[in-house]
Amino acid sequence: MKISARNRLKGKIVEVVLGATTAHVRIDVGGSIITAAITNDAVNELGLAAGREAYALIKASDVMVGVDD
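Quick note, the sequence shown lines up with residues 1 to 69 if you use UniProt numbering.
Quick look at the structure:
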């Protein structure tokens, strides 16, 4: 796979929840869960299912930083 996104986090899908048009895909990356909202069509085209390895690809123009009080 070649892609411009530099933040590629490999993990294992732990849950796929289909909605009316949008699915939530939860990926375990080293013990942290990342949730992606993608179309149901994308889930079907990629064959996404719990237990399958996948990448969370993060491409953002802004990154926010927060700290505790």
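Cβ atoms here follow ideal geometry from the backbone N, Cα and C, with glycine treated the same way.
Helix, strand or coil, according to DSSP, for residue i in the structure here?
i          : result
residue 50 : coil
From residue i to residue j, what does the alpha carbon distance come to, in whole angstroms?
i          : j          : result
residue 10 : residue 30 : 9 angstroms
residue 18 : residue 34 : 16 angstroms
residue 66 : residue 53 : 30 angstroms
residue 15 : residue 50 : 5 angstroms
residue 69 : residue 41 : 42 angstroms
From the DSSP secondary-structure annotation, give me the bridge partner or partners of residue i.
i          : result
residue 40 : For residue 40, which the question treats as bridged, DSSP gives no partner whatsoever.
residue 12 : 28, 53
residue 33 : 28
Less than 9 angstroms between the C-beta atoms of residue i and residue j, yes or no?
i          : j          : result
residue 38 : residue 23 : yes
residue 57 : residue 3  : yes
residue 6  : residue 55 : no
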